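Q:
Residue numbers (the working numbering): 225 to 587.
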């Protein structure tokens, strides 16, 4: 794990006994020196035998010799304004999970299994324990998905960020045997369409959610609203909003070789994301009555007087991932993923490629 303030040795004070000017400017070199071993220890918990060398070098090495025809699959993403909810509650241990799980899901759509991950944490005024908590979440999710945490960067940038602000992003690299990648090109009318449920907003739509739920103006009021128990949710609003983005690798892996197409439902909602994997001439018709919508979405819609069409375009509305398989493989999906819902059907429409949600007008 790296830092943009690696001191390379030396005293924490200048010869005149004065406090370092760099620390006064907002970058504490000594704090970063203390942080690096803690981050290296976390990375060591999420390793793989293919990782060569030790954590802390300028670059990470990964041996791919065990894959005969490797096709590398990569993705990069962030967590968005969900970080502001985490900051309001001073809870930093889940956003790293969000980041890794989102990225694992993205490469899973191509049929890839994760190999390694690198994170980038930047901010100003974030204390050492808070930084460690963020990376703990990254390491925990990497270990759970068999992903090596190959390295990362922690940057203190006062002036670019206000004190207490931070952002986290990550890049994942996975692999699939060439010829076994999933591209959606074999999807045809009559195939089965299954939805895997989400557990909440995941990492999309937080700018709208925060606004309509009254979390954008007064920080003290926002903290109170987030901490209060909501009977309709069965938990506090903060707990519902910070539930980590669900990872679908373990669910889909048993039937991954049967999947003709996989859509990760992120920004743009069900319609736009499913449409991305459909070939020309195939349209989908989905029935929302076939899946459950978590109560958090209803709360957001009521508070903001948001139309159904906009809700389905901004949020996942209870669907975290959609898999398309041949109709004869539907039972395989049901056996390995009992929670999967058969949510609709595909039909031929020459010259078109659209997704219709029954009862929801197109915005």
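We put the beta carbon where it would ideally sit given N, CA and C, even for glycine.
Just so you know, these numbers come straight off a predicted model, no measurement behind them.
Could you check what DSSP says for residue 504 in three-state terms: helix, strand or coil?
A: What you label residue 504 is simply residue 280 of the chain shown in a count that begins at 1. Note: residue 504 maps to coil in three-state DSSP.
Q: For residue 414, which residues of its own chain have a beta-carbon under 7 Å away from its beta-carbon, when the five flanking residues on both sides are left out?
A: Indexing the chain shown from 1 puts residue 414 at position 190. Hits under 7 Å: 551, 570.
Q: Please name the residue in 376, 341, 345 whose C-alpha comes closest to that of residue 399.
A: For the purposes of this step, residue 399 is taken as residue 175 along the chain shown, with counting starting at 1. When only C-alpha atoms are compared, the closest one is 341.
Q: Using only the alpha-carbon positions, how far apart do residue 507 and residue 568 sit?
A: The sequence position of residue 507 within the chain shown is 283, counting from 1. The sequence position of residue 568 within the chain shown is 344, counting from 1. If I take the Cα positions, the gap works out to 11 Å.
Q: In this structure, how does DSSP classify residue 404 when only helix, strand and coil are distinguished?
A: Indexing the chain shown from 1 puts residue 404 at position 180. Three-state result, residue 404: coil.
Q: Enumerate, from N- to C-terminal direction, the unbroken beta strand (DSSP E) stretches of 3 or more residues contained entirely within the stretch 281-366.
A: Whole beta strand (DSSP E) segments, 3+ residues: 294-302, 337-347.
Q: With residue 308 and residue 319 assumed to form a contact (beta carbons below 8 Å), what rounded beta-carbon distance in angstroms separates them?
A: Within the chain shown, the letter at position 84 stands for residue 308. Within the chain shown, the letter at position 95 stands for residue 319. With a Cβ gap of about 10 Å, residue 308 and residue 319 do not count as contacting.
Q: Buried or exposed: which applies to residue 282, given that a residue is buried once 16 or more other Cβ atoms fall within 10 Å of its Cβ?
A: Locating residue 282 in the chain shown gives position 58, counting from the first residue. Exposed, because fewer than 16 other Cβ atoms sit within 10 Å of the Cβ of residue 282.
Q: Kindly identify the DSSP beta-bridge partner or partners of residue 385.
A: Translated into the one-based positions of the chain shown, residue 385 becomes position 161. Beta-bridge pairing links residue 385 to 382.
Q: Which ranges does the beta strand (DSSP E) cover as unbroken runs of at least 3 residues, wholly within the stretch 395-483, from first to last along the chain?
A: DSSP runs (the beta strand (DSSP E)) wholly in the stretch 395-483: 416-421.
Q: State the Cα-Cα distance for the pair residue 435 and residue 403, rounded to the nearest angstrom.
A: Numbered from its first residue, the chain shown carries residue 435 at position 211. Numbered from its first residue, the chain shown carries residue 403 at position 179. If you take the alpha carbons of residue 435 and residue 403, they lie about 46 Å apart.
Q: Since I believe residue 482 is in contact with residue 544 (beta carbons under 8 Å), could you give me their beta-carbon distance rounded to a whole number of angstroms?
A: Here residue 544 refers to the residue found at position 320 when the chain shown is read from its first residue. Here residue 482 refers to the residue found at position 258 when the chain shown is read from its first residue. Not confirmed; about 19 Å, so no contact.
Q: Measure the C-alpha to C-alpha separation of residue 394 and residue 248 and round it to an integer number of angstroms.
A: Position 170 of the chain shown, counted from the first residue, corresponds to residue 394. Position 24 of the chain shown, counted from the first residue, corresponds to residue 248. Cα to Cα, the separation comes out at about 29 Å.
Q: Going by DSSP in three states, residue 392 sits in which element: helix, strand or coil?
A: For the purposes of this step, residue 392 is taken as the residue at position 168 of the chain shown. Note: residue 392 maps to strand in three-state DSSP.
Q: Could you check if residue 351 is buried or exposed, using at least 16 other CB atoms within 10 Å of its CB as the buried criterion?
A: What you label residue 351 is simply residue 127 of the chain shown in a count that begins at 1. It is exposed - the Cβ of residue 351 has fewer than 16 other Cβ atoms within 10 Å.
Q: From residue 301 to residue 572, what distance separates their C-alpha atoms?
A: Reading the chain shown from its first residue, position 77 is the one you call residue 301. Reading the chain shown from its first residue, position 348 is the one you call residue 572. Approximately 34 Å, taken between the alpha carbons.
Q: What distance in whole Å lies between the Cβ atoms of residue 495 and residue 362, which are believed to be in contact at a cut-off of 8 Å?
A: For this step, residue 362 is matched to residue 138 along the chain shown. For this step, residue 495 is matched to residue 271 along the chain shown. Not a contact, Cβ separation roughly 31 Å.
Q: Go through its chain and collect everything with a Cβ distance to residue 509's Cβ below 7 Å, but skip five positions before and after it.
A: Position 285 of the chain shown, counted from the start, is the residue given in the question as residue 509. 568, 569, 571, 580, 582.
Q: Can you name, in chain order, every residue of its own chain whose Cβ lies under 6 Å from the Cβ of residue 365, other than the five neighbours on each side?
A: Along the chain shown, one-based indexing puts residue 365 at 141. Closer than 6 Å at Cβ, skipping near neighbours: 321, 324, 325.
Q: Can you name the residues that DSSP bridges to residue 571?
A: Stepping through the chain shown from its first residue, residue 571 is reached at position 347. Paired residues: 507.
Q: Output the boundary residues of the alpha helix (DSSP H) element that contains residue 555.
A: Counting from one through the chain shown, the residue named residue 555 turns up at place 331. Per DSSP, residue 555 belongs to the alpha helix (DSSP H) from 554-560.
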